[in-house]
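One structure below.
Protein chains: 2
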Amino acid sequence: MQSSFSSTNSIIAMEIESTTQEKAGPLALAWDWVKSLPLNFKNIAVNLVRTTKKLGQDDPRRIMHSLKVGLSLTLVSLLYYWRPLYNGFGVSGMWAVLTVIVVFEFTVGATLSKGLNRACATLSAGALGCGAHHLARLFGEKGEPIVLGLLVFLLAAASSFTRFIPRIKARYDYGVLIFILTFSLVSVTGYRVGKILELANERLTTIGIGGATCIIVSICVCPVWAGEDLHKLVASNIEKLASYLEGFGGEYFPDPEDHEGNVMASKGDKALLQGYKSVLNSKNTEESLANFARWEPGHGRFHFRHPWKQYLKIGVLARQCAYRIDALNGNINSDLQAAMEFRNKIRKPSKKMCSEASKALKALALSIKTMTDPSAAKSHVENSKTAIDELKLVLKAVSLENADLLAIVPIASVASILTEITKCVENIYESVHELSCLAEFKSTSVESTVSPEKPQAQLLVLHCGSIKPVLDGDNDHVIITVHETRNIPYKLNFLSHQSPGNHDLEV
Amino acid sequence: MQSSFSSTNSIIAMEIESTTQEKAGPLALAWDWVKSLPLNFKNIAVNLVRTTKKLGQDDPRRIMHSLKVGLSLTLVSLLYYWRPLYNGFGVSGMWAVLTVIVVFEFTVGATLSKGLNRACATLSAGALGCGAHHLARLFGEKGEPIVLGLLVFLLAAASSFTRFIPRIKARYDYGVLIFILTFSLVSVTGYRVGKILELANERLTTIGIGGATCIIVSICVCPVWAGEDLHKLVASNIEKLASYLEGFGGEYFPDPEDHEGNVMASKGDKALLQGYKSVLNSKNTEESLANFARWEPGHGRFHFRHPWKQYLKIGVLARQCAYRIDALNGNINSDLQAAMEFRNKIRKPSKKMCSEASKALKALALSIKTMTDPSAAKSHVENSKTAIDELKLVLKAVSLENADLLAIVPIASVASILTEITKCVENIYESVHELSCLAEFKSTSVESTVSPEKPQAQLLVLHCGSIKPVLDGDNDHVIITVHETRNIPYKLNFLSHQSPGNHDLEV
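Those protein sequence lines, which keep their order, are chains A and B.
Heads up: the first sequence runs through residues 902 to 1408, numbered per the working numbering.
Heads up: the second sequence runs through residues 902 to 1408, numbered per the working numbering.
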């Protein structure tokens, strides 16, 4: 509402301004414009410097990327500058320059994807183009351009249409583009140029050189891995949700004792509470990163065929949680003094829900970051579920005789949304756990990896499917030894909760 | 939860399968693979045909687009096939083919954006490249490649970095790419090729021909306007929200009389209730459409410099509403029989909120679609606000002595979220109204455009700023004649609500 007020006001202000300007006449206006030129240039320059500095500071890899592009380009320019190379390739060296500029992308995955797409497409379309060229020759001098034109038309139309298929759009869009490009160039220019095979060969080699230069520079000089970025993005998104929940608990259910201090502190936290908003629109970034990541070879902690898809699943759940948080955020500005009595009654379980859900999310983010087993989050998830039960008990016990239902409704809504968020957090936990199995995250309890006395580790491995019990028909399947009483009920509950099928097989 | 269950199960099933396969040995596996080949191919072919058919049916413009690409490509191929043209341009005709393939995009805006970007970038980079070439000549035979290399390195690095600036990324990304490309090609190849100016001239002309072909075909043959798509997308998104709210009202607050019938009907509506989900992730599509739309000339009902940015504002508010709806959707599967007594008490105002908000949204969608004044939605917005007041009255009057607070909480939450949604709808109304002013939507009440007896129309125009009262210093500003008593309080309220500043000036 406030923003709509102010925007309407600003429109009116603009109108007022334009009215005064209309009175001033075009000459005076032009003079004003000329007068303000140096100032405008200065402003633009200052803004540019500021933006550049900020972009570089936000992510220094951007500066590195720019230098890498320059380096690759200088390298392939040697095809021209260095006489022996120029004698070999001649003007075709141009294609290497062109390839470097078009293929070099910020992440290794994107560069690889474009480079491989380009190479495959050039190869196949080149072969097909030569074939088309020879086919058209059969139709005589008059028929040749007509047949060629028809073939180019058909192939271009068909290929353009395949670019609408979502799967192809996501992964091979550039390849299809280059396919049309090369096929048209080879078959059309082949009509005039005699030595078509030689031409195709030269072009293919130089494109190969350009692509290889990109890929080598991109991987060897400070590589930026799309996979790693995706990994960090998902973890940081979960962390942002955690920060919000942590802040919200203190903001909406302040401790009655240090009320003053809390309000003071919360003013500074307001910025922190906005962090979750970037999670709402993270879908496209995540999907393109995942698409690039699958092209990347193993790097650092990630092997080739790392389960990148699972990150997208976690992303979906995190966004779902963010939508709930956005709904919650609508309540934070409501009158915090209303129905203080009722609010105090549900303060303890609600705050516990907030803080435990927040802790669980933080533990999950840490687990993803360090690639360790997320079982540390499990207890927080359990605690937040206990808090739901506690809230239910409190709600059952509350007497409503003198209560003002009108003031209670928004608070009840907060409690209800918090319950929903807790469920979201549990779902996120499940999918991070699935990721930890698929990607074989390190177990946190280092000593309990193989020893048969530790059923906890074994059951985890069982669930993750590294040991295939019963089904193989051999009898050495895991027997639940009951001498570690502290861990077993917890783990059993966990197993039955996660995979009823497997549990049934065991029992 | 269900999905996590089933996915875990499917993982286990896959493990089981892989275990059995491991036992079978590689030879048998290979044989299985060969045996399944024909079936696989058939499946792929069937899927491909089905996908193609569906893509074509969903949007027949896609087929048209593919044919348009083929047509443009065939047209520029004439540069090769037609002897007089080939004699003029020679091998440079290749650049026309290349330009068509790279520049032709689905919407006119995208094609124009790419074409103009390419033309400007080629022109400026070509000139700069020639300059660099002549500068490098001054340094002698040994110095020339070094100076050229340095210049290419510096310019490529700097330009690559500017591609990280969000504003440039959004609008001029392709231009910067082509700038680096052309500069490198001209300055590097210029090192070996003598007649650099002639080369640049030929290339520029053919690129111009290619770009012009794209733009002409794209505009003249069944044009797809990004602006129109954005316009329709925003309207249909608002409609989806309306459908959800309409469905939700019937689903969550069923009439006690026809309970059976409603449950039967609601099963079919379930699919309708999922429509809002596409609104959640519409940000990127909207932004790219808006970016392309600003390149487009006036077309149909849209003039050049149509306020496309305002659509983005409406989009943001619609998404905010969709987030609330997603939170609401979490409640729809809860036990519908719980706390029937309380639910029945708040049924009337809640249902009214739903239906009035839904009607308001539908009226807004219609207003955008037909480009008429959205004042028809105003009464529904007012009604939904009245419903909030009614709900407040009901809540104050409800006796809670025997009520089960635990069962009431989710229903209270629904009521609270509905209130929030009503506020969102009001915001959407405000921004659509702003759009209607900026884009000069047609007034729905045709007879009341200028006549001084109709203060309603005049006040609207006043607010839209077509008449600038008081400020001009002349005295013919609008005087509120009070003889149409039915309209004035409503409109006054409306004015004071929308633009307090302007109202103050008047009073």
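From the three backbone atoms N, C-alpha and C, an ideal C-beta is built for every residue, glycine too.
These figures come from a predicted structure and were not determined experimentally.
Chain B within 8 Å of residue i, Cβ atoms only
i         : result
A/His1200 : no
A/Asn944  : no
A/Ser1085 : yes
A/Tyr982  : yes
A/Pro1046 : yes
A/Ser905  : A caution first: A/Ser905 carries a pLDDT of 41, below 50, which makes its placement in the model too unreliable to give a value.
A/Val1053 : yes
A/Tyr1153 : no
A/Phe1193 : no
A/Leu1082 : yes
A/Thr952  : yes
A/Phe1062 : yes
A/Gly1050 : yes
Any C-beta of chain A under 8 Å from that of residue i
i         : result
B/Pro939  : no
B/Val1089 : yes
B/Pro1311 : yes
B/Ile1269 : no
B/Ala1122 : Inspection of the sequence shows that residue 1122 of chain B is occupied by Val rather than by Ala. By this cut-off, B/Val1122 is not an interface position.
B/Asp1130 : no
B/Ala1058 : yes
B/Ile1116 : no
B/Ser1119 : no
B/Glu1321 : yes
B/Arg1225 : yes
B/Phe1065 : yes
B/Ile1110 : no
B/Leu1098 : no
B/Gly1150 : no
B/Leu1336 : no
B/Tyr1092 : yes
B/Val1362 : Because the pLDDT at B/Val1362 is just 38, under 50, the model does not fix this residue reliably, and the point stays unresolved.
First through last residue of the alpha helix (DSSP H) which encompasses residue i
i         : result
B/Met1272 : That residue, B/Met1272, is in no alpha helix (DSSP H); it is neither H nor E in DSSP.
B/Phe1154 : No alpha helix (DSSP H) holds B/Phe1154; DSSP gives it neither H nor E.
B/Pro927  : Pro927 to Asp959
A/Thr1114 : Ile1097 to Cys1121
B/Gln1211 : Trp1209 to Asn1230
A/Pro985  : Arg984 to Phe990
A/Tyr1075 : Pro1067 to Thr1090
A/Asn1185 : Lys1184 to Ala1194
A/Ala1028 : Val1009 to Arg1038
A/Ser1337 : Leu1306 to Leu1339
B/Glu1045 : Gly1041 to Thr1063
A/Lys1178 : Lys1178 to Leu1181
B/Trp1126 : Premise fails: B/Trp1126 is in no alpha helix (DSSP H) and is neither H nor E.
For residue j and residue i, believed in contact at Cβ under 8 Å, the rounded distance
i         : j         : result
A/Leu1274 : A/Lys1343 : First, the residue type needs correcting, since residue 1274 of chain A is Asp and not Leu in the sequence shown. Correct: roughly 7 Å between the Cβ atoms.
B/Val1310 : A/Ala1313 : 5 Å
A/Cys1115 : A/Ser973  : 6 Å
B/Glu1187 : B/Ala1127 : Incorrect: roughly 11 Å between the Cβ atoms, too far for contact.
B/Gly971  : A/Ala1058 : 4 Å
B/Thr975  : A/Val1087 : That belief does not hold up - the Cβ atoms of B/Thr975 and A/Val1087 are roughly 16 Å apart, past 8 Å.
- prompt: Any residues in the region 1231-1262 of chain A with a beta carbon nearer than 7 Å to a beta carbon of chain B? Which ones, in chain order?
  reply: Gly1231
message: Closer than 9 Å between beta carbons: that is the criterion. Which residues of the region 991-1018 of chain B meet it against chain A?
response: Answer set for the region 991-1018 of chain B: Gly991, Val992, Gly994, Met995, Val998, Leu999, Val1001, Ile1002, Val1003, Phe1005 and Phe1007.
- prompt: Taking Cβ-Cβ distances below 8 Å as the criterion, which residues of the region 1204-1216 of chain A are in contact with chain B?
  reply: none
task: May I ask you to verify whether the region 1095-1110 of chain B touches the region 1019-1036 of chain B, counting CB pairs closer than 8 Å and requiring at least 3?
output: Output reads yes: the region 1019-1036 of chain B touches the region 1095-1110 of chain B.
query: Do the region 1183-1191 of chain B and the region 1205-1224 of chain B touch if we need at least three Cβ pairs shorter than 8 Å?
result: yes
Under 9 Å (Cβ pairs) to chain C, residues found in the region 964-975 of chain A: In the displayed structure, chain C is absent; the protein chains listed are A and B.
query: Are the region 1037-1057 of chain A and the region 977-988 of chain B touching, with three or more C-beta to C-beta distances below 8 Å?
result: With the cut-off at 8 Å, the region 1037-1057 of chain A and the region 977-988 of chain B touch.
query: What are the residues of the region 1176-1190 of chain B that lie near chain A, defined by any Cβ-Cβ distance shorter than 9 Å?
result: Those would be Leu1181, Asn1182, Lys1184 and Asn1185, in chain order.
- prompt: Any contact of the region 1314-1328 of chain A with the region 1252-1262 of chain A, i.e. 3+ C-beta pairs under 8 Å?
  reply: Contact holds: three or more Cβ-Cβ distances are below 8 Å.
message: If the cut-off is 8 Å on Cβ atoms, which residues from the region 1131-1143 of chain B count as contacting chain A, listed in chain order?
response: none
- prompt: Per the contact definition of three or more C-beta pairs closer than 8 Å, is the region 1284-1293 of chain A in contact with the region 1173-1187 of chain A?
  reply: no
- prompt: Which residues, in order along the region 1022-1035 of chain B, keep a beta-carbon less than 9 Å from a beta-carbon of chain A?
  reply: none
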